[in-house]
Amino acid sequence: MATTNLSNYNFDDVPSAKGMKIAIVCATWNKQITDGLLQGAKQTIIECGCDKQNIIVNKVPGSFELALGAQFLLEKDPTIDAVICLGSVIQGETKHFDYVCQTTALGIKDVSLKYNKPVIFGVLTDNNQQQAIDRSGGKLGNKGVEAAVTAIEMVTLKNT
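Going by the numbering used here, the sequence shown opens with residue 30, and the numbers climb by one from there.
Take a look at the structure:
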């Protein structure tokens, strides 16, 4: 388990996002958490040089719907360079958590391979609410920031 903030980047070491078109699909389930992830991702993309008009944000009801939301975006606009999928699934008392997490991860991977574009897994899969808070802008950083950096790095890799 992470015990330190892993989202501290020296942005001089992150490639420029200038000229990139990046979409974000954000789940509205666990909104307190996903709003923090979205804010971190958007701020990071802008800090790395992406024009605000080249950032597309769409919302979906929950993490399970992220993969299809990403696919809709890539079908509609083939000029999108990457899609960041942001969500939060918190462990409950049933196996629902396991099914949602596994299906979401596989779906996001499948969309990425289908379109040959980075589709980034920015989904928190935490045991409790506090862990999610800590990873969405709290003491352990913001996984939205990490997902944005990953998207930028993968677009750069594809374009080299």
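Every residue gets a Cβ at the ideal spot worked out from N, C-alpha and C, and that includes glycine.
- Under the three-state reduction of DSSP, Asn-145 is assigned to coil, being neither helix nor strand.
- Per DSSP, reduced to three states, the secondary structure at Lys-50 is coil, with no helix or strand assignment.
- Taking 9 Å as the cut-off, the Cβ atoms of Pro-44 and Ile-181 count as close.
- Residue range 172-188 is occupied by the alpha helix (DSSP H) that includes Val-178.
- Under the three-pair Cβ rule at 8 Å, the region 64-80 counts as touching the region 172-186.
- Per DSSP, the beta-bridge partners of Asn-87 are Val-54.
- Considering only Lys-50, Lys-60 and Ser-36, the residue with the shortest C-alpha distance to Lys-88 is Lys-60.
- Residue pairing by DSSP places Asp-155 opposite Ile-119 in a beta bridge.
- Between Cys-77 and Gly-116, the CB-CB gap reaches or exceeds 9 Å.
- Measuring C-alpha to C-alpha distances from Gly-69 to each of Ser-165, Thr-185 and Leu-186 identifies Ser-165 as the nearest.
- A contact between stretches requires three or more CB pairs, one per stretch, nearer than 8 Å, and the region 156-165 fails this requirement with the region 46-53.
- Each of Lys-71, Phe-40 and Leu-103 was checked against the Cα of Asp-139, and the nearest Cα belongs to Leu-103.
- Shown here for Gln-100: same chain residues with a beta carbon closer than 6 Å to its own, the five before and five after excluded, namely Val-140 in chain order.
- Taking a 10 Å sphere around the C-beta of Lys-187, we find fewer than 16 other C-beta atoms and assign the residue as exposed.
- In the DSSP assignment, Gly-167 forms a beta bridge with Gly-170.
- For Phe-93, the CB contacts under 7 Å within the same chain, skipping 5 residues up- and downstream, are Val-129, Thr-132 and Thr-133 in chain order.
- Inclusion of Ile-109 and Lys-146 in the CB contact set at 9 Å is warranted, their separation being smaller than that value.
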